[in-house]
Each structure stands twice: as C-alpha cells, then as structure tokens.
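When we follow UniProt numbering, the leftmost residue of the sequence shown carries the number 1, and every step to the right adds one. Cβ coordinates follow ideal geometry from the N, Cα and C atoms, glycine included.
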Amino acid sequence: MNIDRMEFVAWMERLMDRLDMLGDNIENFQKKRNNIDGEELLDNQDLLQMLKISNRSLQRYRSNGKLPYYTISGKLYYKLSDVHQFIRESFNPPTPK
C-alpha cells in the first residue's frame with residue numbers, strides 16, 4: 001500500500017494538531033492543581049506517597065498538631081510549606097561521634 005505525498009502531509013498535520021491539543025490539555029490540568037493563595041495543596045494520598053508513611057501515622061501527626069491541615073468539602077489538604085516545615089522540625093541531625 002502506497003500513499004502519496006499529499007496524503008502523508010495531511011495525515012502528519014492531523015497528528016500534529018492532536019499532539020498540540022493534548023499539550024494544551026496537560027497545561028490546563030497542571031494549572032487546575034489544587035492551590036490556595038498561590039501555594040500548592042496536597043491531599044492525603046500525595047502526602048502518604050511523599051513521606052512514605054502509613055495512613056495511621058499521618059492521622060497521628062494531625063491529631064498531635066504537628067501537621068496543620070485544612071478541610072475543604074470534607075477532604076483533607078495540607079499546604080506544601082507546612083509539609084516542608086514539618087519535615088524540617090522532624091529532622092534529627094546526626095549526633096557527632
């Protein structure tokens with residue numbers, strides 16, 4: 001099966017249009033990420049994967065007041081800056097030998 005140059009060019013243009021459309025969709029998705037006051041919000045799943053901890057540990061950090069959280073429409077969110085502060089406060093520097 002042979003296709004002529006015109007068919008090939010038309011096919012490639014359609015393919016490029018689709019790729020451009022996908023790129024625009026990805027950009028829109030990234031812009032819609034959860035944020036408040038320009039700061040990214042993380043949900044439980046994001047935090048569990050980021051910190052590699054169990055759901056119960058995350059619940060304990062919330063209950064103890066170590067990790068501030070926000071409830072929006074019944075879902076828990078954490079500010080990225082609060083998570084970074086929590087990590088800094090939880091970090092134990094190595095003891096000198």
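Quick one: what does DSSP say N44 is sitting in, helix, strand or coil? Helix.
Using a Cβ-Cβ cutoff of less than 7 Å, which residues in the same chain neighbour Y69 once the five nearest sequence positions on both sides are dropped? Here the set comprises R62, L76, Y77, Y78.
Check whether the stretch 48-66 touches the stretch 15-24, taking contact to mean three or more Cβ pairs, one atom from each stretch, closer than 8 Å. The stretch 48-66, when compared against the stretch 15-24, does not touch it at the 8 Å Cβ threshold.
For L41, which option in G23, V83, S73 has the closest C-alpha, if you only look at C-alpha atoms? Among G23, V83, S73, the Cα nearest to that of L41 is on V83.
From the DSSP output, in three-state form, read off Y69 for me. DSSP places Y69 in coil when its eight states are reduced to three.
Quick check on DSSP: helix, strand or coil for I3? In this structure, I3 counts as coil in the three-state DSSP scheme.
Starting from I36, follow its DSSP beta bridges and name the residues at the other end. Note: I36 sits in a beta bridge opposite E39.
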